[in-house]
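The opening position of the sequence shown corresponds to residue 53 in the working numbering, with each subsequent residue numbered one higher.
Glycine is no exception: its CB is placed at the ideal position from the N, C-alpha and C atoms.
As the structure is a prediction and not an experimental result, all values here were calculated from the model.
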Amino acid sequence: AITSRPARHSLVLRIAHSPGGRAVLLGAAAGLVYLFVAGDLRFHFVQSPHPHLLLLADAFLHGQSHVRPQQLAAVQQRDEAAADQALAALAQRRNIAISELQRRQFLEQWHRGRSLLDWSVVDGKYYGYWGPLAPALLTPVVALFGPGVSDRLIDALFGALNVALFYVLLRRADRAGWCATTEPARIALTVLLAFGTVHFYSSCIGSVWFSVQIITLTALLVACILSCAPQLTWRAALLSGAAFGAAILGRNIVVLIAPYFLTLFWFQTSGPHRARLAEWLRNCASFALPCIVAILVQGAYNQARFGSPFDSGQKALMQTAGAAELVPDYYRYGQFHPHFLATNAKFYFWNCELTRDGHGRLSFDGRGNSMFIVTPPLLYLFLAWRRRNRFALALAAGVLPFTAGLLLFRTTGAYQFGNRYIIELLPLLLLLVAEGVRGRLTNISYLLIVLAIAVNLFGTNRFCQLSWPQTDGALAWSLGAFVALALLARAACAILKQLPRPARRAGPGYKSDHSAPKSL
Numbered sequence: 053a054i055t056s057r058p059a060r061h062s063l064v065l066r067i068a069h070s071p072g073g074r075a076v077l078l079g080a081a082a083g084l085v086y087l088f089v090a091g092d093l094r095f096h097f098v099q100s101p102h103p104h105l106l107l108l109a110d111a112f113l114h115g116q117s118h119v120r121p122q123q124l125a126a127v128q129q130r131d132e133a134a135a136d137q138a139l140a141a142l143a144q145r146r147n148i149a150i151s152e153l154q155r156r157q158f159l160e161q162w163h164r165g166r167s168l169l170d171w172s173v174v175d176g177k178y179y180g181y182w183g184p185l186a187p188a189l190l191t192p193v194v195a196l197f198g199p200g201v202s203d204r205l206i207d208a209l210f211g212a213l214n215v216a217l218f219y220v221l222l223r224r225a226d227r228a229g230w231c232a233t234t235e236p237a238r239i240a241l242t243v244l245l246a247f248g249t250v251h252f253y254s255s256c257i258g259s260v261w262f263s264v265q266i267i268t269l270t271a272l273l274v275a276c277i278l279s280c281a282p283q284l285t286w287r288a289a290l291l292s293g294a295a296f297g298a299a300i301l302g303r304n305i306v307v308l309i310a311p312y313f314l315t316l317f318w319f320q321t322s323g324p325h326r327a328r329l330a331e332w333l334r335n336c337a338s339f340a341l342p343c344i345v346a347i348l349v350q351g352a353y354n355q356a357r358f359g360s361p362f363d364s365g366q367k368a369l370m371q372t373a374g375a376a377e378l379v380p381d382y383y384r385y386g387q388f389h390p391h392f393l394a395t396n397a398k399f400y401f402w403n404c405e406l407t408r409d410g411h412g413r414l415s416f417d418g419r420g421n422s423m424f425i426v427t428p429p430l431l432y433l434f435l436a437w438r439r440r441n442r443f444a445l446a447l448a449a450g451v452l453p454f455t456a457g458l459l460l461f462r463t464t465g466a467y468q469f470g471n472r473y474i475i476e477l478l479p480l481l482l483l484l485v486a487e488g489v490r491g492r493l494t495n496i497s498y499l500l501i502v503l504a505i506a507v508n509l510f511g512t513n514r515f516c517q518l519s520w521p522q523t524d525g526a527l528a529w530s531l532g533a534f535v536a537l538a539l540l541a542r543a544a545c546a547i548l549k550q551l552p553r554p555a556r557r558a559g560p561g562y563k564s565d566h567s568a569p570k571s572l
């Protein structure tokens with residue numbers, strides 16, 4: 053047993069030192085935290101109030117695109133216990149008695165804000181207006197565990213996968229020569245995605261809107277990894293297009309990121325102009341083919357549900373089960389309109405207002421707070437030009453159209469912490485941050501990452517309604533201690549690096565550093 057320990061330790065070290073092993077470890081560490089939060093700090097996983105994707109996956113398994121009434125009724129029956137508890141607490145606070153009529157009215161409002169919220173209802177049938185990717189991927193899970201499985205558990209696992217894939221993307225971009233980064237910077241940026249952005253709480257909360265985005269991000273990360281090479285082959289472009297097509301089937305607006313891929317493909321070609329153009333067109337065609345197939349699939353899905361390939365269900369949503377406050381603007385301006393520009397820009401870029409929640413505690417603005425406050429390292433976007441890197445131009449070609457689409461859209465995402473609509477944009481934004489810090493983890497960037505994690509710990513605590521800590525004072529103390537410890541750890545590492553290392557004594561089997569293999 054004693055002699056086996058070094059071998060076991062060396063295996064762990066080899067895994068930690070290998071790129072694939074490090075990606076797995078980072079994803080596993082993030083996943084453990086996500087599961088802890090998604091399980092309400094007890095690893096106790098329940099379904100969210102809006103398990104719409106699981107109901108749609110169940111519908112797919114039964115050969116239909118609308119929710120089965122018996123499954124929707126089962127969700128409502130499960131929710132009635134929580135509704136009765138909330139009603140009893142309300143009656144106790146107000147010291148009043150609740151009649152059966154009042155209970156039925158309360159239950160009706162309760163279901164309207166949970167299991168019946170945000171469906172596109174046609175002829176009494178409940179359809180989702182989301183793309184088919186997420187429910188299709190969840191059909192095996194529902195087939196194995198039933199429609200009562202926890203969507204919070206599923207989201208946490210997909211979130212962990214996203215963290216691992218993002219680290220792989222950073223490694224791939226570095227090795228291909230597109231975005232040179234040091235290993236500490238890659239780890240720090242991966243930790244930033246995991247815990248310092250809206251990806252954190254979105255991976256823990258469940259509910260259809262967040263689930264769709266987390267799953268779509270998985271497909272988009274795969275597309276980015278496959279496309280990120282020094283020189284692209286048509287086969288790699290085809291596979292990247294297939295993954296990007298899947299992302300389009302997750303959230304249709306993702307198609308606005310396509311210019312990133314097309315611009316990168318141009319930079320990946322070389323040689324005489326005509327040969328270069330021919331190679332670029334071949335790669336673009338290979339990439340576009342599966343994307344066109346995905347768009348046709350989306351059109352057929354729309355036709356089957358709403359009678360038109362161009363109708364995703366938004367009109368039926370506004371007429372039936374959509375959020376009432378969004379209906380007037382939809383009928384007056386439509387889905388996208390310059391009218392929304394000023395309001396959306398405020399909530400995406402500079403809104404720093406804080407509010408009080410139902411318990412009187414300090415909380416965030418549910419319409420959205422500035423992305424630069426929620427994730428301070430995004431300030432390095434303004435320095436992404438410093439390297440004069442062609443890769444930054446390709447990233448900007450994807451970021452700008454998508455951002456323009458968000459600014460013109462009719463809502464910023466309803467009730468949320470931060471801006472959840474930028475989740476699909478995070479890989480490109482953080483790659484631009486890597487350009488802004490010149491691929492290194494500096495003291496300032498480290499401080500901003502620590503602050504981002506603290507802010508998102510606060511937002512996740514409030515949004516997920518975690519049971520700890522209960523008071524503003526306890527939360528402020530906890531976050532302050534986290535920031536202080538993180539900064540002390542950074543200072544300690546800097547001091548240790550400056551200390552002279554004691555010379556090692558030569559002994560039996562000793563080898564100097566110069567004789568070590570280069571791989572070490």
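Q.
Judging by CA-CA distance, which residue of 422, 179, 134 and 113 is the nearest neighbour of residue 198?
A. 113
Q) Starting from residue 594 and walking both ways along the alpha helix (DSSP H), at which residues does that stretch end? A) Nothing can be reported for residue 594: it is not among the residues displayed for the chain, which extend from 53 to 572.
Q | Bounding residues of the beta strand (DSSP E) (the contiguous stretch that carries residue 94) | A | Counting along the chain, residue 94 falls outside any beta strand (DSSP E), and DSSP gives it neither H nor E.
Q) Relative to the C-alpha of residue 205, which residue among 370, 136, 218 and 257 is closest? A) Residue 205 has its Cα closest to that of 257, out of 370, 136, 218 and 257.
Q | Per-residue burial, residue 360 [other beta carbons within 10 Å of its own, 16 or more giving buried] | A | It counts as exposed.
Q. Touch check for the stretch 500-510 and the stretch 244-256: three-plus C-beta pairs under 8 Å?
A. yes
Q | Nearest candidate by alpha-carbon position, reference residue 427, set 129, 246, 209 and 389 | A | 246
Q. Can you tell me whether residue 419 is buried or exposed, with buried defined as 16 or more other CB within 10 angstroms of its CB?
A. buried
Q. In the structure shown, what three-state DSSP assignment does residue 566 receive?
A. Low per-residue confidence applies at residue 566: pLDDT is 40, beneath 50, and the placement is therefore not dependable enough to give any value.
Q) What are the complete alpha helix (DSSP H) segments, minimum 4 residues, inside the stretch 468-517? A) You should have 478-488 and 495-515.
Q.
Could you tell me the alpha carbon to alpha carbon distance between residue 22 and residue 160, rounded to whole angstroms?
A. Look at the range of the chain in this structure, 53 to 572, and you will see that residue 22 is not part of it.
Q | Closest residue to residue 468 among 444, 339 and 513 (Cα-Cα distance) | A | Comparing Cα positions, the closest option is 513.
**Q.** Start and end residues, beta strand (DSSP E) containing residue 177
**A.** 177-179
Q.
Tell me which residues share the same chain as residue 335 and place their Cβ nearer than 7 Å to its Cβ, disregarding the 5 neighbours each side in the sequence.
A. 284, 286, 289 and 317
Q: For residue 236, I'd like the list of residues in its chain whose CB is within less than 6 Å of its CB, leaving aside the five on either flank, ordered along the chain.
A: Leaving aside the five residues that flank residue 236 on each side, the residues in its chain whose CB is nearer than 6 Å to its CB run, in chain order, 493.
Q: Return the CA-CA distance between residue 202 and residue 267, expressed in angstroms with no decimal places.
A: Each residue's CA atom was taken as its position, placing residue 202 and residue 267 some 15 Å apart.
Q.
If contact is defined by three or more beta carbon pairs under 8 Å, each pair taking one atom from either stretch, is the stretch 451-465 in contact with the stretch 371-386?
A. Contact between the stretch 371-386 and the stretch 451-465 is present, because at least three Cβ pairs lie under 8 Å.
(Q) Which of the three DSSP states is assigned to residue 284 in this structure? (A) coil
Q. In the DSSP assignment, what residue or residues form a beta bridge with residue 535?
A. The partner list for residue 535 (beta bridge, DSSP) is empty, contrary to what the question assumes.
Q: Below 8 Å CB to CB, which residues in the same chain sit around residue 70 once its five sequence neighbours on both sides are set aside?
A: none
Q: Work out the CA separation of residue 338 and residue 200 for me, nearest whole Å.
A: 40 Å
Q: Give a yes or no on whether the C-beta atoms belonging to residue 171 and residue 135 are separated by under 7 Å.
A: In this structure, residue 171 sits away from residue 135, with a CB-CB distance that is not shorter than 7 Å.
(Q) Could you check whether residue 403 and residue 422 sit closer than 7 Å to each other, using their CB atoms as the reference points? (A) yes
Q | Alpha carbon of residue 443 to alpha carbon of residue 311, nearest angstrom | A | 12 Å
**Q.** Contiguous alpha helix (DSSP H) assignments of at least 4 residues, all confined to the stretch 354-439
**A.** 366-371, 379-385, 393-397 and 423-426
Q. So the beta strand (DSSP E) residue 173 belongs to, where does it begin and stop?
A. 172-174
Q) Counting Cβ pairs, one atom from each stretch, are 3 or more of them under 8 Å apart for the stretch 208-228 and the stretch 74-91? A) yes
Q: Using 10 angstroms around the beta-carbon of residue 529, count the other beta-carbons present and answer buried if the total reaches 16, otherwise exposed.
A: exposed
**Q.** Classification of residue 564 by the beta-carbon crowding that lies within 10 angstroms, buried from 16 upward
**A.** Residue placement at residue 564 is poorly supported in this model, since its pLDDT is 43, which falls under 50; the coordinates are not used for a value here.
Q.
With the cut-off set at 7 Å, would you say residue 123 and residue 110 are in Cβ contact?
A. yes
Q | Close-in-space but distant-in-sequence residues of the same chain around residue 86 (CB under 7 Å, 5 per side omitted) | A | So the qualifying residues of the chain are 208, 211, 212, 255 and 256.
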